[in-house]
Amino acid sequence: MNPDSFDIYRLLPFSRDDFAAAADLAQRFTAAYGTYRFDEDPKVYVDRLGGMVTEELRAELARGASAPGLLDERRQEQVVAAGTATLDRIRDVENNSVIFLVTGQQRVTRSGEEAQERRQYAVTVSRDGGSWRVYAFEPADVGQAGDTG
Numbered sequence: 480m481n482p483d484s485f486d487i488y489r490l491l492p493f494s495r496d497d498f499a500a501a502a503d504l505a506q507r508f509t510a511a512y513g514t515y516r517f518d519e520d521p522k523v524y525v526d527r528l529g530g531m532v533t534e535e536l537r538a539e540l541a542r543g544a545s546a547p548g549l550l551d552e553r554r555q556e557q558v559v560a561a562g563t564a565t566l567d568r569i570r571d572v573e574n575n576s577v578i579f580l581v582t583g584q585q586r587v588t589r590s591g592e593e594a595q596e597r598r599q600y601a602v603t604v605s606r607d608g609g610s611w612r613v614y615a616f617e618p619a620d621v622g623q624a625g626d627t628g
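Numbers in this note's numbering are just positions in the sequence shown, counted from 1, shifted up by 479.
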C-alpha cells in the first residue's frame with residue numbers, strides 16, 4: 480500500500496470536514512469557557528457558551544457559573560480571565576462522538592495581579608442532529624484515560 484495515497488478518513492466514522500468542525504468547536508468552547516469577568520452576569524457567560532453545548536451541559540454550566548461562593552470570590556478579587564485554547568490530540572473516536580484533549584490557557588487578573596494558567600481538558604463533541612455540540616467537558620486527568628500502555 481502506498482502511504483501517500485492512503486486515506487485514513489475512509490476508515491473513520493467522520494469525514495475530514497466533520498473532524499475539522501468538531502475540533503474547531505472543542506477549541507472555541509474551551510477558549511470561551513476560560514473567558515469571564517467578575518462584573519459579567521452569569522447568564523451572559525452561559526449564553527456565550529450555549530450555542531456550543533447540549534442542553535444538559537448548558538444547565539450544568541449555568542449552575543456552576545451562578546454558584547454564590549464563586550461569584551462572591553470573583554467580585555471580591557475583581558477576577559478577569561481571557562482564555563485561549565490549543566488542540567493537543569484525539570483521545571477517542573466513537574460512531575457519534577470524538578473526545579479531544581485541549582489545553583486551555585488563561586490570562587487571569589485577580590486583585591490587580593496578572594497570572595497565566597494552563598489546564599488540559601477532555602472535551603467530548605457529539606453529533607446533535609446536523610451539527611456538533613459539546614456533550615461533556617472535564618479536566619483531562621479525571622476519569623478513564625484510555626490506553627496508557
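Virtual Cβ for every residue (Gly too), placed ideally from N, Cα, C.
Member of the options whose CA lies at the smallest distance from the CA of residue i
i           : options            : result
residue 593 : 558, 510, 535      : 558
residue 596 : 615, 560, 602, 603 : 560
residue 568 : 489, 518, 614, 603 : 603
Residue i and residue j closer than 8 Å at C-beta
i           : j           : result
residue 498 : residue 531 : no
residue 619 : residue 580 : yes
residue 527 : residue 541 : no
residue 576 : residue 614 : yes
Limits of the alpha helix (DSSP H) - the one that residue i falls within
i           : result
residue 549 : 547-556
residue 559 : Residue 559 -> not in any alpha helix (DSSP H); beta strand (DSSP E) instead, spanning 559-572.
residue 482 : Per DSSP, residue 482 belongs to no alpha helix (DSSP H) and is neither H nor E.
Continuous beta strand (DSSP E) stretch holding residue i: start and end
i           : result
residue 502 : Residue 502 -> not in any beta strand (DSSP E); alpha helix (DSSP H) instead, spanning 495-512.
residue 606 : 592-607
Cross-strand partners of residue i (DSSP beta bridge)
i           : result
residue 618 : 600
residue 583 : 564, 598
residue 488 : None; residue 488 has no bridge partner.
* Asked: Counting pairs of Cβ atoms below 8 Å between the segment 585-596 and the segment 606-615, do you hit three or more?
  -> Touching, no, given that fewer than three Cβ pairs across the two stretches are closer than 8 Å.
* **Contact between the segment 480-500 and the segment 517-524 (3+ Cβ pairs under 8 Å)** => No, the segment 480-500 is not in contact with the segment 517-524.
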